[in-house]
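Residue numbers (my numbering): 1310 to 1621. All residues carry an ideal CB built from backbone N, CA and C; glycine is no exception. As the structure is a prediction and not an experimental result, all values here were calculated from the model.
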Amino acid sequence: MHRKKFGRDRAMLKELNKNKIMFLMLLPTLIFFLINSYFPMVGIYYAFTRYDFEGGLFGSPFVGLENFKFLWQSGMLLKLTTNTVGYNLAFIILGNGLAIFCAIMLSEIRGRLFKKITQSVMFLPYFISFVLLSVIAYNMFNYESGFVNTVLKRFEAGPVDIYNTPWIWVFLIIIFYLWKNLGYSMVIYLAAITGISDEYYEAARIDGANIFQRIWYITVPMLKPTFVILLLFSLGSIMKGQFDLFYQLIGNNGVLYNATDIIDTYVYRSLKVTFDIGMATAAGLYQSLFGFILIMTVNYIIRKVNEDYALF
């Protein structure tokens, strides 16, 4: 036992000595993560306290699981979880599905100029800030002078109070997310398609396969590793909503909270409005643990199905 442990330690020291320059180059990144990601985890203790600004971290009354109990009994936890997971599932499924479809369509286009223009036009929204996106949304859906209601008035139809209609925003948020991020995801899949050897397609043509058969039996299976990796990364943050998207589009419109409130916006409001640090930390801790358990479970299932596709 001790001999085996000594052997492992010796091998580790040998590896460190062999690649000491590489490990020194890695050191600043490790220090950065320690300072910004691991040291702040001491604040997890807030989730189990009724935070007192005078008492500080360790001087606040310890309340155990009371913050979690309140979130559950108030119904907030279930609603926030449903909204956060629901939106993220829509983002993942629709986002990846449309990105794969667009990437395949672009890869089959022979006109290089048209392909470059289309790719640039689709990728451009990714660089638009969420603040500007909220301005675009407001100018489109404003009740008094928005573009949508102006058009409806021209056709002698009544104006729609979109900012007071929660169910509409379920679809609008998904549409805005897809419009902004579709180009980025498409480029990733397009790069994966570019890496597929032409020999596969040539062999399929010789065998008489048409374009749809080549896509279904060659392109789609070859995209599976890329899709699985992106899926795992997405599932790992499925409890982390697109805070900028939701906050900039919805703001402090309480009418829309029931349909659009996610964990991130709730945590922000808890800190900004009520200064309830304990409750906000409890919601954030629940969010992180849920995401961690989910990604470990999905990775375990993927490793059982095909070990090559698993992250670890």
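Selection from the options that minimises the alpha carbon distance to residue i
i: residue 1523; options: 1538, 1507, 1537; result: 1507
i: residue 1441; options: 1557, 1577, 1520; result: 1557
i: residue 1579; options: 1610, 1356, 1336, 1502; result: 1356
i: residue 1417; options: 1615, 1502, 1321; result: 1502
i: residue 1590; options: 1376, 1420, 1550, 1443; result: 1376
i: residue 1500; options: 1415, 1345, 1477; result: 1415
i: residue 1431; options: 1419, 1412, 1447, 1438; result: 1412
i: residue 1358; options: 1395, 1349, 1369; result: 1369
i: residue 1367; options: 1352, 1381, 1516; result: 1352
i: residue 1446; options: 1421, 1429, 1467, 1481; result: 1481
i: residue 1483; options: 1395, 1548, 1467; result: 1395
i: residue 1408; options: 1555, 1393, 1529; result: 1529
i: residue 1533; options: 1583, 1614, 1490, 1515; result: 1614
i: residue 1555; options: 1485, 1349, 1599; result: 1485
i: residue 1490; options: 1444, 1598, 1551; result: 1551
Residues of its chain near residue i, where Cβ-Cβ distance is below 7 Å and the 5 sequence neighbours each way are ignored
i: residue 1510; result: 1523, 1527
i: residue 1553; result: 1439
i: residue 1547; result: 1394, 1397, 1600, 1603
Proximal residues to residue i (C-beta, below 6 Å), its chain only, five neighbours per side dropped
i: residue 1544; result: 1603, 1604, 1607
i: residue 1488; result: 1434
i: residue 1470; result: 1452
i: residue 1520; result: none
i: residue 1586; result: 1355, 1360
i: residue 1559; result: 1565, 1569
i: residue 1479; result: 1568
Secondary structure of residue i, DSSP reduced to three states
i: residue 1371; result: strand
i: residue 1358; result: strand
i: residue 1444; result: helix
i: residue 1395; result: helix
i: residue 1607; result: helix
i: residue 1573; result: helix
i: residue 1466; result: coil
i: residue 1342; result: helix
i: residue 1621; result: coil
i: residue 1590; result: helix
i: residue 1365; result: helix
i: residue 1455; result: coil
i: residue 1601; result: helix
i: residue 1328; result: coil
i: residue 1579; result: helix
i: residue 1615; result: coil
i: residue 1584; result: coil
Spatial neighbours of residue i in its chain, beta-carbon cut-off 8 Å, leaving aside the 5 residues before and after
i: residue 1513; result: 1522, 1523, 1526, 1527
i: residue 1330; result: none
i: residue 1381; result: 1387
Cβ-heavy atom distance, residue i to the ligand ZN, below 7 Å
i: residue 1562; result: The ligand ZN is not part of the structure shown, which contains no ligands of any sort.
Inter-stretch contact at 8 Å, needing at least 3 Cβ pairs: the stretch 1532 to 1543 / the stretch 1482 to 1498: The stretch 1532 to 1543 makes contact with the stretch 1482 to 1498: 3 or more CB pairs, one atom from each, lie closer than 8 Å.
Touch test, the stretch 1558 to 1570 against the stretch 1473 to 1481, Cβ-Cβ under 8 Å, three pairs minimum: Output reads yes: the stretch 1473 to 1481 touches the stretch 1558 to 1570.
Segments assigned alpha helix (DSSP H), at least 4 residues, entirely inside the stretch 1478 to 1562: For the stretch 1478 to 1562, whole alpha helix (DSSP H) runs of length 4 or above, ordered along the chain, are 1507 to 1515, 1520 to 1523, 1533 to 1545, 1552 to 1559.
contact_flag[the stretch 1360 to 1375, the stretch 1568 to 1583] where n(CB pairs < 8 Å) is 3 or more: Judged by Cβ distances under 8 Å, the stretch 1360 to 1375 makes no contact with the stretch 1568 to 1583, as fewer than three pairs qualify.
The stretch 1422 to 1432 touching the stretch 1442 to 1462, judged by at least three CB pairs closer than 8 Å: No: the two stretches stay apart, fewer than three of their Cβ pairs being nearer than 8 Å.
At least 3 beta-carbon pairs within less than 8 Å: the stretch 1399 to 1418 vs the stretch 1458 to 1468: Because the criterion of three Cβ pairs below 8 Å is not met, the stretch 1399 to 1418 and the stretch 1458 to 1468 do not touch.
Whole beta strand (DSSP E) elements within the stretch 1378 to 1436, 3-residue minimum: Entirely contained in the stretch 1378 to 1436, not one beta strand (DSSP E) run reaches 3 residues.
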